[in-house]
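Colleague: Could you have a look at this structure, given as structure tokens, before my questions?
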Amino acid sequence: MRIMIADDHCLYVEGLVNLLSADFEIVSTVSTGEEAIKQACLTKPDVILMDVNMPVLDGIAATRAIIAEHPETKILMLTSFGETDTLFRAIRAGAVGYLLKNLGNTDIIAGLYELEKGRNPFSPGLENQILQEFRSQHDHSKLEICSEILNQRQIEVLDLVAQGFEYVEVGRRLFISERTVKYHMGKIKEALQLSNHAQVVAWAWEHDLGKTVPK
-2 MRIMIADDHC LYVEGLVNLL SADFEIVSTV STGEEAIKQA CLTKPDVILM
48 DVNMPVLDGI AATRAIIAEH PETKILMLTS FGETDTLFRA IRAGAVGYLL
98 KNLGNTDIIA GLYELEKGRN PFSPGLENQI LQEFRSQHDH SKLEICSEIL
148 NQRQIEVLDL VAQGFEYVEV GRRLFISERT VKYHMGKIKE ALQLSNHAQV
198 VAWAWEHDLG KTVPK
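FYI, the numbering for the sequence shown is -2 to 212, going by the numbering used here.
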């Protein structure tokens, strides 16, 4: 996996490079959001570790610009801040995960491997934070909104995915193939005009889907 690091804290970047170089290829390090956009075009990394607060252009604005041009790039926010508003803005900009910098080295590496498997890494507690906040907003007509945009089968698929089930298990529960589940998820992203799995799950939570925790 080819990784770019965007962070203006030199010592932290140096530590990350030393930590990750044994397992991953570090293709570039930058210290501003503007540089991140340029280097993303030049080096085409698989993953960008993006700090939220950087000079010239912040990490969220840089994320939005990069995803617009390179939607296949996975951007993982690495920051000292866990504020709900910042977290939501990062996801809406296209980030696929959000890790706090106070995590241990093994947790950061584990997060990258989770990302490589197609999952969305979040620091402990942040997923619940998203869920609680989304459910505190827009507390009426959410399912009606869903049914206006998605068909019944898409709602069933999205509900199970938002609960945290893998595609294979979603298919088993709905008596359809994993390939069909992936097809429905593609159509859901298209209908919602979203670009990645994390954004779709966040939308589902916001609209009262995925409430039941998988056993």
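Ideal Cβ positions, reconstructed from N, Cα and C, are used throughout, including at glycine.
Name, in chain order, the residues that DSSP records as bridge partners for residue 25.
Modeller: Looking at the DSSP assignment, residue 25 forms a beta bridge with 1.
Colleague: For the beta strand (DSSP E) that residue 94 lies in, which residues bound it at each end?
Modeller: Unbroken beta strand (DSSP E) run through residue 94: 94 to 97.
Colleague: On the premise that residue 37 lies in contact with residue 272, defined as a C-beta separation below 8 Å, what is that separation, rounded to the nearest angstrom?
Modeller: Because residue 272 is not part of the residues shown, which for the chain are -2 to 212, the question remains open.
Colleague: Using 8 Å as the threshold, is the C-beta distance between residue 47 and residue 72 below it?
Modeller: Taking 8 Å as the Cβ cut-off, residue 47 and residue 72 qualify as a contacting pair.
Colleague: Which complete alpha helix (DSSP H) runs does the stretch 12 to 60 hold, if anything under 4 residues is left out?
Modeller: Qualifying alpha helix (DSSP H) stretches, in chain order: 30 to 40.
Colleague: Look up residue 152 in the DSSP assignment and say whether it is helix, strand or coil.
Modeller: Reduced to three states, the DSSP call for residue 152 is helix.
Colleague: What would DSSP say about residue 88, mapped onto helix, strand or coil?
Modeller: Here residue 88 sits in helix by DSSP.
Colleague: From which residue to which residue does the beta strand (DSSP E) around residue 76 run?
Modeller: Start and end: 71 to 76.
Colleague: Spatial neighbours of residue 177 within its chain, please: CB distance less than 8 Å, with the 5 preceding and 5 following residues excluded, ordered by chain position.
Modeller: So the list reads 168, once near-sequence residues are dropped.
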